[in-house]
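What follows is one structure encoded as structure tokens, with my remarks underneath.
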């Protein structure tokens, strides 16, 4: 145990039946909603401001501030983003399957604070079991009086609809998600308008929040925003749920206090990742989803702090950490990540649609032993065309951030391991063995 | 004019149509029900039949071409028949590091089809998937979007034989069934609001 911070979003996970209404009520479920309904919407909003709760989806925008950007008009919608698809991110999957009532309770609290006419919880389509559990939880919440007409007799009424996605990473982008929710292809919307808070679903003011953000709200209302912001440090307040995977002894989800827990703790501590498999060295690790530039050994003692990681040239992003040990071929790793972006590019913008395919094919030929020495400079040039200057945060030549995410892994691999790419070219193939199969 | 060519397969059933109408009623605009109705249609036939596409177009108020064009954008929606079990292998970064491509290659041998193919008996379709958010159990596989993992070569063979023998029928419904749970209520709060609005006007 690194710090004595409480478990906020994973408190119920020890129970086999954590997803049921019965267990939820037995563990203080829906008490925060009852409390919130005795407060004014502005008071609820103020608690969230005091909590300094950063959005848990990937961009890390302060939730309370996002709510303040809402244009005064009606109707207003709340759309809860549960379309988790960033590679190696599986925290929202856990929350949806194992604690759906916490998401629903948080969504009702948020809906009350912003005066929502209706709430949509967008659940990634591939989470079939999660969708069934969210739908069951929603049905049970209505039967319990927590949803529908005059919630708990308060006079406040609200409906939640659980909406299924159908398989498209791009719908995690909030404007693409709204297009999908309107029954169209998931094409991100051209900006301006920059924020759905001004013009969102059906052209109406819409707040889009992540499911983990919602799951934090019951605790914040129960214990107060100040108790939440007392955890962590600076703008990185509270705890956060991280997804750890790759070459670690114990991959899994871990809720830890932000800032005060380091990458080294996460990967090596006995209560967390328990080190790299077979005692090997770390070659590189992804600090926050595959859209993030890679980190290395020298970053291990950095805290899981949004600002610190940002200043070091990467991001905590979606809260997923992927460890690659010394046997990993960086060409293959960067190729697989590029392939992902190529497959998931919606195709609206040329730098993303074409650039991702070029990068993927060039990395593939290097890995297969058909690379040329100037391929390395060519890759850098293509990346520079996608995100000019290759700085951090990346410059954007596209409608949404998917395109500018393409260079992260490619530029990381080349900047740090140029020699390894050259060996591929000169020896006509990959010097590292294929990935070992992890047996069950 | 925009109607889909008929391949002889049926559209939404009578029961499916009434479920569809209940879903459409949940949204401020009908078109929002397009994706949920595609899932509903797939739960009946395993894929989107041309007749079902026409039915959905009528229910949400757009052309069949718009339904097909939208459905084609999404990986989970199929406009051609697929196997009873669609097996999706994640090969993204975390699963790749755990040997996903090596396991997938042996899975192709086990099933006798390449990625994208369906076995001649119509039982299995093999797909390569992007990250399925099951990285703590890499290599992660979904069968009709139900999770299995970690899966290695031997584990995959026994998974396939269990499926073929119907041993997993309780956890894995046939392809297209996203949810075995339906919404139990309409929009009681919205109904109250519109009653209030009518009273005011």
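Protein chains in written order, with my numbering: chain A, 1 to 440; chain B, 1001 to 1201.
C-beta atoms are modelled at their ideal positions from N, C-alpha and C, and glycine is treated no differently.
Handout entry: Closest by C-alpha distance to residue 1142 of chain B, when choosing among B:1010, B:1086, B:1067 and B:1045
Key = Of B:1010, B:1086, B:1067 and B:1045, the smallest CA-CA separation from residue 1142 of chain B is found for B:1086.
Handout entry: Proximal residues of chain B, C-beta to C-beta of residue 253 of chain A below 8 Å
Key = Contact note: residue 253 of chain A reaches chain B through 1136, using a C-beta cutoff of 8 Å and chain order.
Exercise for the section: Pick helix, strand or coil for residue 1110 of chain B, following the three-state DSSP scheme. Expected result: The three-state reading of DSSP puts residue 1110 of chain B in helix, counting H, G and I together.
Problem - Simplified DSSP assignment, three categories, for residue 266 of chain A - result: Judged by DSSP in its simplified three-state form, residue 266 of chain A adopts helix.
Problem - Cβ neighbour criterion (16 or more within 10 Å) applied to residue 332 of chain A - result: When all chains shown are included, residue 332 of chain A counts as buried.
Practice task
Closer than 7 Å by C-beta to residue 408 of chain A: which residues in its own chain qualify, once you throw out the five before and the five after it? Chain order, please.
Solution key: Closer than 7 Å at the Cβ level, and outside the excluded window around residue 408 of chain A, lie 291, 292 and 293.
Practice task
Spell out whether any CB of chain A is found under 8 Å from the CB atom of residue 1145 of chain B.
Solution key: When Cβ-Cβ separations below 8 Å define contact, residue 1145 of chain B makes contact with chain A.
Practice task
Report the option in A:253, A:7, A:235 and A:214 whose CA atom is closest to the CA atom of residue 451 of chain A.
Solution key: Since the first residue of chain A shown is 1 and the last is 440, residue 451 of chain A is not available in this structure.
Practice task
Measure the CB-CB distance between residue 1083 of chain B and residue 1122 of chain B and report whether it falls below 8 Å.
Solution key: Judged by beta-carbon spacing, residue 1122 of chain B lies within the 8 Å limit of residue 1083 of chain B, meaning their Cβ atoms are closer than that value.
Problem - Short CB-CB distance (under 8 Å) between residue 1039 of chain B and chain A - result: So yes, residue 1039 of chain B belongs to the interface.
Practice task
Name the one or two DSSP bridge partners that residue 253 of chain A has.
Solution key: BP columns for residue 253 of chain A point to A:243.
Problem - Beta-carbon proximity of residue 240 of chain A to residue 304 of chain A, cut-off 8 Å - result: Yes, the pair counts as a contact, with Cβ atoms nearer than the cut-off.
Exercise for the section: Would you tell me roughly how many angstroms separate the C-alpha atoms of residue 1139 of chain B and residue 14 of chain A, rounded to the nearest one? Expected result: If you draw a straight line from the Cα of residue 1139 of chain B to the Cα of residue 14 of chain A, it is about 24 Å long.
Handout entry: Simplified DSSP assignment, three categories, for residue 35 of chain A
Key = In the displayed model, residue 35 of chain A falls within a helix according to three-state DSSP.
Problem - Candidates A:197, A:419, A:11 and A:150: closest to residue 72 of chain A by CA position - result: If we check each option's Cα against that of residue 72 of chain A, A:197 comes out closest.
Handout entry: Cβ pair count under 8 Å reaching 3, the segment 1172-1190 of chain B against the segment 1068-1084 of chain B
Key = The segment 1068-1084 of chain B and the segment 1172-1190 of chain B touch, with three or more beta-carbon pairs separated by less than 8 Å.
Handout entry: Integer-rounded CB distance, given that residue 321 of chain A should sit under 8 Å from residue 287 of chain A
Key = That belief holds up - the Cβ atoms of residue 287 of chain A and residue 321 of chain A are roughly 6 Å apart, short of 8 Å.
Exercise for the section: Can you give me the Cβ contacts of residue 1019 of chain B inside the same chain, cut-off strictly under 8 Å, excluding the 5 residues immediately before and after it? Expected result: Hits under 8 Å: 1040 and 1182.
Practice task
Taking only beta carbons into account, state which residues of the segment 338-357 of chain A come closer than 9 Å to chain B, listed in chain order.
Solution key: Within the segment 338-357 of chain A, the qualifying residues are 339, 340, 343, 344 and 346.
Handout entry: Among B:1148, B:1189, B:1170 and B:1159, the one whose alpha carbon lies nearest that of residue 150 of chain A
Key = Considering only B:1148, B:1189, B:1170 and B:1159, the residue with the shortest C-alpha distance to residue 150 of chain A is B:1189.
Exercise for the section: Please decide whether residue 333 of chain A counts as near chain B, where near means a Cβ-Cβ distance under 8 Å. Expected result: So, interface residue.
Problem - Status (buried if at least 16 other CB within 10 Å, exposed otherwise) for residue 76 of chain A - result: Per the 10 Å Cβ criterion, buried.
Handout entry: Close-in-space but distant-in-sequence residues of the same chain around residue 1107 of chain B (CB under 7 Å, 5 per side omitted)
Key = Contacts found: 1089, 1126 and 1156.
Exercise for the section: Consult DSSP for residue 350 of chain A and reduce its assignment to one of helix, strand or coil. Expected result: The answer is helix: DSSP assigns residue 350 of chain A an H, G or I state.
Exercise for the section: Could you name the residues of chain B that residue 169 of chain A contacts, counting a contact when the two beta carbons are closer than 7 Å? Expected result: Correct list: 1130.
Handout entry: Minimum C-alpha distance to residue 245 of chain A - residue among B:1093, B:1035 and B:1153
Key = The shortest C-alpha separation from residue 245 of chain A is found at B:1093.
Exercise for the section: Could you please tell me which residues of the segment 1093-1108 of chain B, in chain order, have their CB closer than 8 Å to any CB of chain A? Expected result: For the segment 1093-1108 of chain B, which is checked against every Cβ of chain A, the residues closer than 8 Å are 1093, 1094, 1096, 1097, 1098, 1099, 1100, 1101, 1102 and 1103.
Practice task
Would you mind listing the alpha helix (DSSP H) stretches within the segment 348-396 of chain A that are 4+ residues and don't spill past its ends, in chain order?
Solution key: If we require 4 residues or more, the alpha helix (DSSP H) runs fully inside the segment 348-396 of chain A come out as 350-367 and 375-386.
Problem - CB contact check: residue 503 of chain A to chain B, cutoff 8 Å - result: Because residue 503 of chain A is not part of the residues shown, which for chain A are 1 to 440, the question remains open.
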